[in-house]
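My numbering puts the first residue of the sequence shown at 1291, with every later residue one more than the last. The C-beta atom is built at its ideal place from N, Cα and C for all residues, glycine as well.
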Amino acid sequence: METIENNYKERDYEVHIRFPEFTCLCPKTGQPDFAEITIRYTPDARLVELKSLKMYLNAYRNEGIFHEEAVNRILEDFVAAVTPKQVEITGTFNVRGGIYTTVTASYPP
């Protein structure tokens, strides 16, 4: 993930990003899982550069990963790259086997 300078770091404001085409693989079956990833953050000195975020999220397409692990890993990587004041990441996963899963992780905890 790349970042750019936040020209309004003296002001608290929220950035809301929706990525409705998130795909990963079920680590048990190898079948694709589809989700919408939502990122809400209050920037500090840096902003996430959107094209690099898209490329980062698309890299999960061929990775076998559980829903909970995916959301928590995205959170950890986002915090490491952007160092926001706060961030909440939600993965809303499509139905699989009759079950919908929504996972939310936040920083600071």
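- Taking one beta carbon from each stretch, the stretch 1363-1377 and the stretch 1316-1326 have fewer than 3 pairs nearer than 8 Å; the two do not touch.
- Glu1304 carries a coil assignment under DSSP once its states are collapsed to helix, strand and coil.
- The DSSP-derived three-state label of Asn1384 is strand.
- In the three-state reduction of the DSSP assignment, Asp1323 falls in the strand class, which pools E and B.
- Annotated as distal: Pro1317 and Phe1368, with beta-carbon spacing of 8 Å or more.
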